[in-house]
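Following our numbering, the numbering of the sequence shown begins with 19 at its first residue and continues without gaps. Inspection log for the structure reproduced underneath, given as structure tokens.
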Amino acid sequence: MQKTMLVTGGSRGIGAATARLAAARGFAVCVNYAGRKEAADAVVAEIEGAGGRAIAVQGDVADAGAVAALFQAVDGEFGRLDALVNNAGILYPQSRLEDIPRDRLEHVLRVNVIGSFLCAAEAVRRMSTRHGGAGGAIVNVSSMAARLGSPNEYVDYAASKGAIDAMTIGLAKEVAGEGIRVNAVRPGLIYTDIHASGGVPDRVDRLKGAVPMERGGTPEEVAETILWLASDGASYCTGTFIDVSGGR
Ligand code: NAP
């Protein structure tokens with residue numbers, strides 16, 4: 019039976035590249051998105067056009083009810099879950115820490131941290147041998163920001179990714195004996211729309227001179243790493259991180 023992968027925020031950027039590559043590697047894919055239906059539908063159409071299987075499911079990962087419905091949609095359509103990619107993430111325009119409003123802080127933590135926890139919990143309930151599941155893989159999309167701290171840009175975002183790193187380590191140990199591997203990627207400067215959300219659409223080109231490899235990365239390069247961590251090729255890897263950052 020065909021393996022399935024749920025990619026949160028799978029409609030654009032790194033998530034869309036991951037969804038496309040997962041389908042090419044034989045997964046049936048659930049493409050989750052928050053609001054831009056046309057982008058999600060386009061990824062699904064592309065996968066189907068190439069002979070793959072995919073569905074698009076709207077749902078804010080920060081909303082527990084929406085997350086429950088998202089996983090129920092996967093149950094209903096595919097009847098199994100083999101891999102979760104916790105990719106949905108947001109950031110706000112660049113700011114110093116003392117100027118970050120509380121509303122923004124809460125929103126970033128709700129989507130990036132609580133969203134990833136809620137989705138991981140639903141995945142564990144389905145995959146864990148403790149719950150009658152057949153095992154699986156969770157790949158969290160962290161960021162080099164967790165290590166660099168994003169000073170003068172978005173320390174709130176960096177801190178949310180630090181929380182993802184801690185969750186990766188803790189959950190990996192919690193479910194290691196239950197057939198689930200939990201790992202993370204830390205992308206560096208990747209060409210996606212997220213930098214426009216930060217108010218600097220050309221941020222990658224502005225900063226790429228400080229990258230040892232002297233260039234930004236592509237969503238496809240991150241997707242390759244995510245797919246490897248989700249694959250049997252990474253069967254003895256759990257609680258670990260791969261920086262996809264050109265050496266930064
Ligand atoms: P992006 O191009 O801005 O795409 C974000 C995706 O997440 C979209 O599919 C969006 O759907 C979805 N999304 C946003 N909020 C959501 C929510 N509350 N619930 C469900 N889906 C939601 O972002 P990206 O650059 O590909 O980033 C993907 C991940 O990589 C994020 O976790 C980000 O922190 C991380 N990352 C990115 C970089 C980089 O340089 N790009 C570097 C390090 C880490 P809609 O379009 O419907 O809103």
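Ideal placement from N, C-alpha and C gives every residue a C-beta, glycine not left out.
In the structure shown, F135 falls within a helical segment according to DSSP collapsed to helix, strand and coil. Pairing E140 with F96 gives a Cβ-Cβ distance that is not under 7 Å.
Going by beta carbons, V47 and A58 fall outside the 7 Å limit.
Straight-line measurement puts the Cα of L247 at about 35 Å from the Cα of R120. Using a C-beta cut-off of 8 Å, the segment 58-72 makes no contact with the segment 106-116, since fewer than three inter-stretch Cβ pairs fall below that distance.
Collapsing the DSSP output to three states places P205 in a strand. Inter-residue distance for G67 and P169 is about 43 Å (C-alpha atoms, whole angstroms). The C-beta distance from K21 to G53 rounds to 28 Å, too long to meet the 8 Å contact threshold. Fewer than three pairs of CB atoms, one per stretch, sit closer than 8 Å, so the segment 244-258 makes no contact with the segment 213-229. G153 and E192 have their C-alpha atoms some 13 Å from each other.
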